[in-house]
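There are 2 protein chains.
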Amino acid sequence: MTDETRKPSDPRRRTFLRNASLLPAGLYLQAHASTSQEQTDNSAPQSTNASMGNHVAPILDTVRVGVIGAGRRGTTILRLLAGIDGVELKAICDPYAPAIDNAKVLMQEHGVTMPDFYGDGDYAYRDMLERDDIDAVFVLTPWSWHTPMATETMLAGKQAFVEVPAALNLDDCWQLVETSEQTRMNCMMMENVCYGREELMALNMVRQGVLGELLHGEAAYIHELRWQMQDIEAGTGSWRTDWHTRRNGNLYPTHGLGPVAQYMNVNRGDRFDYLTSMSSPALGRQKYAQREFPADHPRNQASYICGDMNTSIIKTEKGRTIVVQHDTTTPRPYTRHNLIQGTNGVYGGYPERFALESEGNFHEWQHDTSSLQQRYDHPLWKKLALEAAASIGHGGMDYVMLWRIIFCLRNGVPLDQNVYDAAAWSAVIPLSEASNADRGNSRDFPDFTRGAWRDLPALAVAEY
Amino acid sequence: MTDETRKPSDPRRRTFLRNASLLPAGLYLQAHASTSQEQTDNSAPQSTNASMGNHVAPILDTVRVGVIGAGRRGTTILRLLAGIDGVELKAICDPYAPAIDNAKVLMQEHGVTMPDFYGDGDYAYRDMLERDDIDAVFVLTPWSWHTPMATETMLAGKQAFVEVPAALNLDDCWQLVETSEQTRMNCMMMENVCYGREELMALNMVRQGVLGELLHGEAAYIHELRWQMQDIEAGTGSWRTDWHTRRNGNLYPTHGLGPVAQYMNVNRGDRFDYLTSMSSPALGRQKYAQREFPADHPRNQASYICGDMNTSIIKTEKGRTIVVQHDTTTPRPYTRHNLIQGTNGVYGGYPERFALESEGNFHEWQHDTSSLQQRYDHPLWKKLALEAAASIGHGGMDYVMLWRIIFCLRNGVPLDQNVYDAAAWSAVIPLSEASNADRGNSRDFPDFTRGAWRDLPALAVAEY
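Protein chains in written order, with our numbering: chain X, 18 to 481; chain W, 18 to 481.
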């Protein structure tokens, strides 16, 4: 799975989708999802399928899980899943032998029943998907595998949980939407940041009207990752680096954008309308390669085209604005911005701070958020705080996300993020690329919900 | 001068421009500046006039000054000018009688020779401009008077120093450029923030290559000014408020943008290429009016259309990006962002902070800038630090700016900002308005320098 660049043009995926023998009985894919070219008009294809907006899957007593991908991310997720009640790890798939070995040790350490392992090539996951004793599949693989693996998971009658981003182009976004609607299987993008303490608290504050009427948000993935270029044979950098030679836009928008979209009830009363985007020059990775590798090294023979800093602005149907930035190259401190602004003031991250007219002096940032936490810590966080604090994985957000997924599946509760969220948040990748290439002229977001956003109530997680 | 909304459509200005009897001998305006409609194609009109890029005015021993506008801003500037060697205040003009009274007291307090006063109506400044004993005129009036007064100042054979913004639409930007080129009079927009200690230090750091190759900048005018809506009969809010009912875009871009443009050598090796812009909903001023005024008050009968937060992105010819924000309505702390990012790291303001790869750990913001100040405080700041610290006016930046202006005029040094800077920085107002009204599709900047930006050397101030 190290050569990610092969996958997007691999015809086998679409062949697979058209191969009726692989579809569960009674299911078929409409023409759009299986054969359309990349959309250019951004209009929504017609469909008679019901919305998956607040879809509730049949209640499960035990969630039988298959995992595709046991690398860096897979290791974290496997360790957490192994400790959550009601989870039965049935199968783990990875074509990279050391990853399988590592996963076996993990399972032994956690004392769980040893799952089956699939490691015979890039497509061994298809053997796993043919099993009838798996309810949910976690897709934790390089980016370009997300859409085909999630699609095949749903076609195999299993709930799909897919790492970010769920898709890399609009055609794939639509494929996820249409497959989910036709199979009635969920496709949730595992945007873990939606389950961070700060993000959940901000969501709670917004729901309680603390910020007033929402106006504007700011999101980012500013995370210096040049060091990943040292991954040559395996590891994230072995495939991630190549994207910087292939596309120029926001390659990875959802960690910052997902929470802001939820503050604004995107796809639940509001919707991304259009986007504009501009990238800075692409200088940093070439400089890093020159410093770190011999002149004849592939890292020095590559041409890095993805601007070091990409900035996009999204406009929503309700007229709100969201700034979204991407920079994994410049030496500067990490931030996701996580800023949300309303008529009563503003809350932001990195560092955590707020200023509210209703609380007096809004001319100075307030950095002591303990009083906010006392009043607005989210019920989900308060319930899980001890376990989250003791867990691995991004300050507890991974644990809370996985706990919540399993809770929803076992209790007949709609998932907090649906396939429309996965599509809309991921669509920033191709739309930012297209806008940047066209002198910043804007691009419309498709309405992946086909109008259902107008009637879907606000996010259920706030009611937990 | 309280009814600013009258001026932009006032035909007398263009009549004045066409009135050859008012022009100094030998000067005339080409057709474009006097009669053209608002530009739509953004191409530069042809001209045979030489560039004013690094124009040096004839050396003055004493700078004889006239001031138009003795309100809030005028008071600060008058007090500072009264204390600078080589300045002779010859005349002060304001049609608002209390402003004249205030100015007389100021002059007495400073013990300077009493200037003449002009206060007979909105156009008394024309009488002042007819004097032949004034070298430079400072235009410190409401926004819509800036372009006509600066234009008439140049036509009267005097150097024009005009408050921000210099112009409100592209036609007026061109008028300033063409008038300056034809009269060979300088037109400098007094962007005082370019003379702040932090901004001068950042400029010095950039010039010395501390940040590496520049990639991206961020600028803002986020300054809660709803309180100015209490100004009803006089004061800034008495006219500024009306702009929020008339235009939707970035109304006031230059305080944040000017310094960033200078870091990037805009108009001196680089150039603003195009811009995209989106505004949030306009909710805050209506809410404020409802809270503060009776229902039948004009503040409650107005319709506020300027989005509370406007965000624009500018792309330069060299591919760099600049985020520019405007928000004078939301209750949140003041910031101009003042962020500049290069391949070696980033420097930002509010709070002042930096992260540089060449200085070790760039994963955490460094907030102690004392070591930067020791190494990179700008020579101009170091020379004037004591006087600046003791002065009124935005932490000393006003004093440094005025000192520098007078120094340049008395020593045959080109001014640090020329008419092309005034035009390009101010052009963000109409271009952001047009882009926002067109779903964020981008608008091209005119090349006000007509190609001269390619050859003009970097900003002289760094060489002081």
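The beta-carbon is built from N, C-alpha and C at its ideal position, and this holds for glycine as well.
Test: residue i CB closer than 8 Å to a CB of chain X
i, result
"S60/W", "no"
"H72/W", "no"
"W382/W", "yes"
"Q307/W", "no"
"P115/W", "no"
"R337/W", "yes"
"A236/W", "no"
"A469/W", "no"
"A219/W", "no"
"A454/W", "no"
"F379/W", "yes"
"K304/W", "yes"
Any C-beta of chain W under 8 Å from that of residue i
i, result
"G457/X", "yes"
"E195/X", "no"
"V340/X", "yes"
"M326/X", "yes"
"L232/X", "yes"
"A167/X", "no"
"Q56/X", "Confidence at Q56/X is low in this model, with a pLDDT of 49, below 50, so its placement is unreliable and no value can be given for it."
"G301/X", "yes"
"I330/X", "yes"
"T347/X", "yes"
"E374/X", "yes"
"K399/X", "no"
"K550/X", "The structure shown has nothing for residue 550/X, since chain X only spans 18 to 481."
Among the options, the one whose alpha carbon lies nearest that of residue i
i, options, result
"N361/X", "P165/X, L228/X, L146/X, H343/X", "L228/X"
"L426/W", "A440/W, P298/W, K175/W", "K175/W"
"T65/X", "V194/X, N327/X, S408/X", "V194/X"
"D344/W", "S329/W, L356/W, E334/W", "S329/W"
"H127/X", "T93/X, T158/X, L77/X, D152/X", "T93/X"
"E230/W", "R148/W, Y212/W, A251/W, E374/W", "E374/W"
"Y113/X", "F465/X, L98/X, Y142/X, V104/X", "Y142/X"
"N378/X", "S387/W, G365/W, Y351/W", "Y351/W"
"L300/W", "A312/W, F289/W, M326/W", "M326/W"
"D491/W", "D461/W, G213/W, L473/W, A236/W", "Outside the shown range of chain W, which is 18 to 481, sits residue 491/W, and nothing can be said about it."
"S161/X", "R264/X, K335/X, D137/X", "R264/X"
"T79/X", "I446/X, T130/X, R89/X, G103/X", "G103/X"
"T130/W", "N186/W, T293/W, A278/W, G100/W", "G100/W"
"G286/W", "T253/W, K335/W, A312/W, R308/W", "K335/W"
For residue i, the three-state DSSP class (helix, strand or coil)
i, result
"S329/X", "strand"
"E55/W", "Low confidence applies here, because E55/W scores a pLDDT of 48, under 50, leaving its location unreliable and the question unanswered by this model."
"V412/X", "In the sequence under discussion, the amino acid at residue 412/X is Gly, which differs from the Val named in the question. Of the three classes helix, strand and coil, the one that applies to G412/X here is helix, per DSSP."
"G229/X", "coil"
"G366/W", "coil"
"C211/W", "helix"
"L157/W", "coil"
"V179/W", "strand"
"L242/X", "coil"
"T352/X", "strand"
"S6/X", "Residue 6/X cannot be examined here, being either before or after the span of chain X that is shown, 18 to 481."
"F424/W", "helix"
Nearest-angstrom beta carbon gap, residue j and residue i [assumed within contact, 8 Å]
i, j, result
"A153/X", "A167/X", "12 Å between Cβ atoms; not a contact."
"A441/X", "F289/X", "5 Å"
"L401/X", "V417/X", "5 Å"
"V341/W", "I357/W", "13 Å between Cβ atoms; not a contact."
"R316/W", "R243/W", "Not confirmed; about 10 Å, so no contact."
"S459/X", "N458/W", "5 Å"
Checklist entry - Name the residues in the stretch 403-429 of chain X whose C-beta lies less than 8 Å from a C-beta of chain W; which are they? => result From the stretch 403-429 of chain X, no residue has a Cβ closer than 8 Å to chain W.
Checklist entry - Residues in the stretch 270-298 of chain X with C-beta within 9 Å of chain W's C-beta atoms, listed in sequence order? => result For the stretch 270-298 of chain X, the residues whose beta carbon sits under 9 Å from a beta carbon of chain W are, in order, D290, Y291, L292, T293, S294, M295, S296, S297, P298.
Next on the checklist: Under 9 Å, CB to CB, which of the residues in the stretch 350-363 of chain X have a partner in chain W?
Outcome noted: Under the 9 Å Cβ criterion, the stretch 350-363 of chain X contributes P350, Y351, Q358, G359, T360, N361, G362, V363.
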